[in-house]
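J.:
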Amino acid sequence: MGTIITDLKDTFQRGNIHIQLIFINVSIFILTTVVAVILQLFNCPANHFLQWLEMPASISQFLLTPWTLITYSFMHANVLHILFNMLWLYWFGDLFLQLYSSKHLRGLYLLGGICGGLLYMLAYNIFPFFKPMVHYSYLLGASAAVLAVVAATAYKAPNISIRLWLIGTLPLKYLALIVIGLDLLFLTSNNAGGHIAHLGGALGGLAFAAALEKGKDLTRFINQTIDWLTSLFHKKTHKANMKAKVGGNRQSDYEYNARKKAQNEEIDRILDKLKKSGYESLTTEEKKSLFDASKR
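Residue numbers for the sequence shown follow the UniProt record's numbering, so the first one is 1 and each next one is one higher.
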């Protein structure tokens, strides 16, 4: 079990940002599903727990749970829901990273989710058709965030060929138009909130791509906020490590140099093994040593 967790951790750390987002989504889905099952076993309504993470259409309810504007993009209703969203994120995230940076993808995922959530809440509180549903409607899923990635990619490289099952090859711009067109057609369907959020995410993606073309990065504030929060966490971790080391015996120069030499020799041995037999031949400990060395 420990080896599996270590391998998953290594894959997460070595993966591109879209792989990391997929890991986060899947982890949250598994965790929330397990919690929901446990609650149901004790005859506790799981919906009461999940609604603290899903975005409500009601403005008054949203004001009590404003964090749901972010968290809903990491929630999914069932296996098929998360499967299709993650497949789209995997395919189009890879295309996106050929045109933009990792930070752009990270920021746009959240920006697309925010735009989708806001348009969803706005539509449900403006149009009379949705008024009867406002107080019991909730939004969840990564679709809006993923559509933002698709729209930004289509804006920058509209003629990239996409191969679709049963249809054949299609320029990305037409695929994006088809998806947006279908969302418009189904605005009054049972999943109206999802289709509205898709449109909001797509608009967010187009706005991002158009603004970046003019030198303005709409994801800058989001990325700065994430970096700031990450730095706070790292500072706390660093302080904890420093406290743990206080009181320990200081190494002499000889001990330090001997340890460094042994580490370098071990890395050289692992690299030789990597060249001869490939990455898969390495043990979990060797992979970890190689990864740690790359960070130094």
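Every residue, glycine too, gets a C-beta built ideally from N, C-alpha and C. The model shown is predicted, which means the values in this text are computed figures rather than measured ones.
1) Helix, strand or coil, according to DSSP, for residue 342 in the structure here?
2) Considering Cα atoms alone, identify which of L170, M133, T71 is closest to N191.
3) What three-state label does DSSP hand T188 in the structure shown?
4) P66 by DSSP, collapsed to three states: which one?
5) Across which residues does DSSP place G200 in a beta bridge pair?
6) Where L166 and Y174 are concerned, what is the direct C-alpha to C-alpha distance, given to the nearest angstrom?
7) For L203, is the classification buried or exposed, using 16 other Cβ atoms within 10 angstroms of its Cβ as the cut-off for buried?
8) Taking just the CA atoms, how far does H135 sit from F62?
9) What is the DSSP secondary structure of Y120, reduced to helix, strand or coil?
10) With DSSP as the reference, please indicate the residues paired to R163 in a beta bridge.
11) Which residues mark the beginning and the end of the alpha helix (DSSP H) in which C86 is found?
12) Using the beta-carbon count (16 or more within 10 Å), is N16 buried or exposed?
13) What three-state label does DSSP hand N138 in the structure shown?
14) According to the Cβ coordinates, are L89 and N47 closer than 9 Å?
15) With DSSP as the reference, label P158 as helix, strand or coil.
16) Check for me: the alpha helix (DSSP H) holding I32 runs from which residue to which?
17) If we ignore side chains and look at the alpha-carbon of each, how far apart do T284 and L21 end up?
18) State the DSSP-derived secondary structure class of P132, mapped to helix, strand or coil.
19) For H198, which residues from the same chain have a beta carbon less than 8 Å from its beta carbon, with the 5 sequence-adjacent residues on both sides left out?
20) Using only CA atoms, which one of L8, K103, I30, G194 lies nearest to V79?
T.: From the atom records:
1) Here the chain covers residues 1 to 296 and nothing more, so residue 342 does not appear.
2) Here residue 191 corresponds to residue number 191 of the sequence shown, with the count starting at 1. Measuring from the Cα of N191, the nearest candidate turns out to be M133.
3) To locate residue 188, count along the sequence shown from 1; it is residue 188. Looking at T188 - three-state DSSP - the assignment turns out to be coil, as it is neither helix nor strand.
4) In the sequence shown, residue 66 corresponds to position 66, counting from 1. Here P66 sits in coil by DSSP.
5) Here residue 200 refers to the residue found at position 200 of the sequence shown. Note: G200 sits in no beta bridge, so no partner.
6) The sequence position of residue 166 within the sequence shown is 166, counting from 1. The sequence position of residue 174 within the sequence shown is 174, counting from 1. Those two C-alpha atoms are separated by around 16 Å.
7) Position 203 of the sequence shown, counting from 1, holds the residue named residue 203. Burial call: buried.
8) Within the sequence shown, numbered from 1, the residue matching residue 62 stands at position 62. Within the sequence shown, numbered from 1, the residue matching residue 135 stands at position 135. Roughly 10 Å between the two C-alpha positions.
9) Within the sequence shown, numbered from 1, the residue matching residue 120 stands at position 120. Looking at Y120 - three-state DSSP - the assignment turns out to be helix.
10) Taking the first residue of the sequence shown as 1, we reach residue 163 at position 163. T169, per the DSSP bridge assignment.
11) For this step, residue 86 is matched to residue 86 along the sequence shown. Looking at the sequence shown, residue 86 is not Cys but Met. From DSSP, the alpha helix (DSSP H) with M86 extends over 79 to 96.
12) Residue 16 sits at position 16 when you count from the first residue of the sequence shown. With fewer than 16 Cβ atoms within 10 Å of its Cβ, N16 is classed as exposed.
13) Here residue 138 refers to the residue found at position 138 when the sequence shown is read from its first residue. The residue you asked about is not Asn; residue 138 is Tyr in the sequence shown. It is a strand residue.
14) Here the question's residue 89 lines up with position 89 in the sequence shown. Here the question's residue 47 lines up with position 47 in the sequence shown. Going by C-beta atoms, L89 is not nearer than 9 Å to N47.
15) As a first step, residue 158 must be located in the sequence shown, where it is residue number 158. Of the three classes helix, strand and coil, the one that applies to P158 here is coil, per DSSP.
16) Against the sequence shown, residue 32 aligns to sequence position 32. It is Thr, not Ile, that sits at residue 32 in the sequence shown. Taken as a continuous stretch (DSSP letters only), the alpha helix (DSSP H) holding T32 covers 17 to 41.
17) Translated into positions along the sequence shown, residue 284 becomes position 284. Translated into positions along the sequence shown, residue 21 becomes position 21. Each residue's alpha carbon lies about 23 Å from the other.
18) As a working note, residue 132 is residue 132 in the sequence shown. If DSSP states are grouped into helix, strand and coil, P132 belongs with the helices.
19) The residue you call residue 198 lines up with position 198 of the sequence shown. Excluding positions up to five away in sequence, the list reads G116, S143, A144, L147, V179, I180, D183.
20) One-based indexing of the sequence shown puts residue 79 at position 79. Measuring from the Cα of V79, the nearest candidate turns out to be I30.
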